[in-house]
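Under numbering that gives the first Met the number 0, think of the first position of the sequence shown as 0, with each following residue one higher. The C-beta atom is built at its ideal place from N, Cα and C for all residues, glycine as well. Heads up: the structure comes next, in C-alpha cells.
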Amino acid sequence: MISVPGMIMVGGNSRNSGKTTMACNCITHLSAKHEVIGLKVTSIRPGEDEFHGNHNENIGDKFTIFEEVDPESHKDTAKMLKAGATHVYYIRVEENFAEKALLHFLSRYINKQVIVCESRSLRSVITPGLFLIMMKLPELVKVKDTTTYIDKADKVFYFGNDLKEINKFTSDLSFKNCKFAWNE
C-alpha cells in the first residue's frame with residue numbers, strides 16, 4: 000500500500016452520490032490555507048466512456064494522465080478547478096496498473112500539496128490521510144457493493160438533497176502536521 004497522508008480520497012456507492020460535491024467543498028475550504036491539487040481517477044472499463052466524459056486523451060498505454068485547464072467545462076475535473084484547486088488531474092488507468100499510475104503521478108506532479116481525490120477503487124492501493132464514502136439515498140439505482148470500502152472509511156455520509164452535514168464537515172476540516180482533523 001502506498002501511504003499518502005496529505006490526500007483526502009472520496010468514494011461512493013454510485014454515480015451522483017455526492018462525491019464531486021464533497022471533493023469540491025473540501026477543495027474550497029482547504030485552498031484558503033493550502034495549495035490543493037484535485038485528482039479524479041477512473042478505471043478503464045469497456046463501454047463506460049460516456050459516464051466519464053471525453054477528455055481528448057490518447058489512451059495507448061495502461062494509464063493516461065490529463066491536466067484539466069478549462070474551468071468552464073461540464074466535467075467533474077473542471078468543477079474541482081473552479082472550487083479552488085491549483086491544478087486538477089484526471090487519470091484513466093487499467094485496474095491492474097493503478098499502483099504504477101499513482102506512483103508516477105505522485106513523483107511527477109506532487110510536491111507537498113494537499114490532494115483531494117475522487118476515486119473509490121484507488122483505495123485498494125493507497126492509504127490516504129482521510130477516506131470518505133458517499134452513500135446515495137434513496138437507493139433508486141443499482142449501487143455498487145461498498146462493504147470493503149466502508150470498513151476502511153474514516154467517515155461515511157448518506158447523501159440525499161441536504162448538504163448541511165457535508166457543509167459542517169468541510170467547515171470543520173483542517174490539515175496540520177500532515178494530518179486531517181474535524182469535529183465529530
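- In the structure shown, Thr63 falls within a strand segment according to DSSP collapsed to helix, strand and coil.
- Between the region 119-128 and the region 19-36 there are fewer than three C-beta pairs closer than 8 Å, too few to call the two in contact.
- DSSP places Leu129 in the uninterrupted beta strand (DSSP E) bounded by Ile125 to Lys135.
- With contact defined as three or more Cβ pairs closer than 8 Å, the region 10-17 and the region 63-82 are not in contact.
- DSSP, read as helix, strand or coil, puts Ile90 in strand.
- Annotation: the continuous beta strand (DSSP E) that includes Lys39 extends over Val35 to Ser42.
- In its chain, beyond the 5 residues on either side, Ser42, Ile43, Lys61 and Phe62 have a beta carbon closer than 8 Å to the beta carbon of Glu93.
- A residue is called buried once 16 or more other Cβ atoms fall within 10 Å of its Cβ, and Met0, having fewer, is exposed.
- Between the alpha carbons of Glu67 and Val155 lies a gap of roughly 28 Å.
- Within a 10 Å sphere around the beta-carbon of Asp150 sit fewer than 16 other beta-carbons, which makes this residue exposed.
- Around the beta carbon of Lys39, a 10 Å sphere encloses 16 or more other beta carbons of the protein chains shown; the residue is thus reported as buried.
- If you look at Ser173, you'll find it in the beta strand (DSSP E) that goes Ser173 to Lys175.
- In the structure shown, Ala180 falls within a strand segment according to DSSP collapsed to helix, strand and coil.
- The Cβ atoms of Val124 and Glu98 sit closer than 9 Å to each other.
- With fewer than 16 other CB atoms across the displayed protein chains lying within 10 angstroms of its CB, Arg107 is exposed.
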